[in-house]
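Under the working numbering, the sequence shown has 103 at position 60, and the numbering climbs by one with no breaks. Each remark here refers to the structure printed beneath this line.
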Amino acid sequence: MTQIKKIKKNPLLMTIPLSAYFGTYASFTGIGGIILVSQTPILAPLLLFIIPTSGLLGYIAIKPPNIFKGYKALKKWKYQIKKNDY
């Protein structure tokens with residue numbers, strides 16, 4: 044716990060739409076790039092740059108960016124572990 048410098052919150056109302064958007068865009072870019080490379084052999088060297096872009100978009104979909112600022116951890120925080128007695 045002493046190594047935490049910043050706590051960032053990433054709300055679900057923003058994370059789910061961003062992941063869905065980047066995920067679908069990544070799949071369309073990857074599949075569309077493969078289809079375009081197979082259909083147009085003359086432009087294939089230029090179109091091969093599309094496929095790595097889909098990998099980058101897929102990474103963004105898995106780990107969406109956090110736009111909100113983080114909260115700095117103060118040195119005066121105290122932590123307790125409480126035991127529930129049933």
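Where a beta carbon is used, it is the ideal one built from N, C-alpha and C, also for glycine. Small disclaimer: the values here were computed from a predicted structure and weren't measured.
Cα-Cα separation between residue i and residue j, rounded to whole angstroms
{"i": "TYR64", "j": "LYS125", "result": "41 Å"}
{"i": "ILE128", "j": "LYS106", "result": "Here the sequence assigns Asp to residue 128, which means Ile is not the residue at that position. Using only the alpha carbons, I get a separation of about 38 Å."}
{"i": "LEU91", "j": "TYR68", "result": "17 Å"}
Residue i Cβ short of 6 Å to the ligand COA heavy atom set
{"i": "LEU56", "result": "Ligands are entirely absent from the displayed structure, and the ligand COA is therefore not among its contents."}
Simplified DSSP assignment, three categories, for residue i
{"i": "ILE94", "result": "helix"}
{"i": "LEU89", "result": "helix"}
{"i": "ILE74", "result": "helix"}
{"i": "THR83", "result": "coil"}
Short Cβ contact (7 Å threshold) for residue i with residue j
{"i": "ILE30", "j": "GLY76", "result": "Residue coverage of the chain in this structure runs from 44 to 129, which leaves residue 30 outside it and unanswerable."}
{"i": "THR58", "j": "SER97", "result": "no"}
(message) Does the region 76-89 come into contact with the region 99-108, if we say contact requires no fewer than three beta-carbon pairs (one atom in each stretch) closer than 8 Å?
(response) Between the region 76-89 and the region 99-108 there are fewer than three C-beta pairs closer than 8 Å, too few to call the two in contact.
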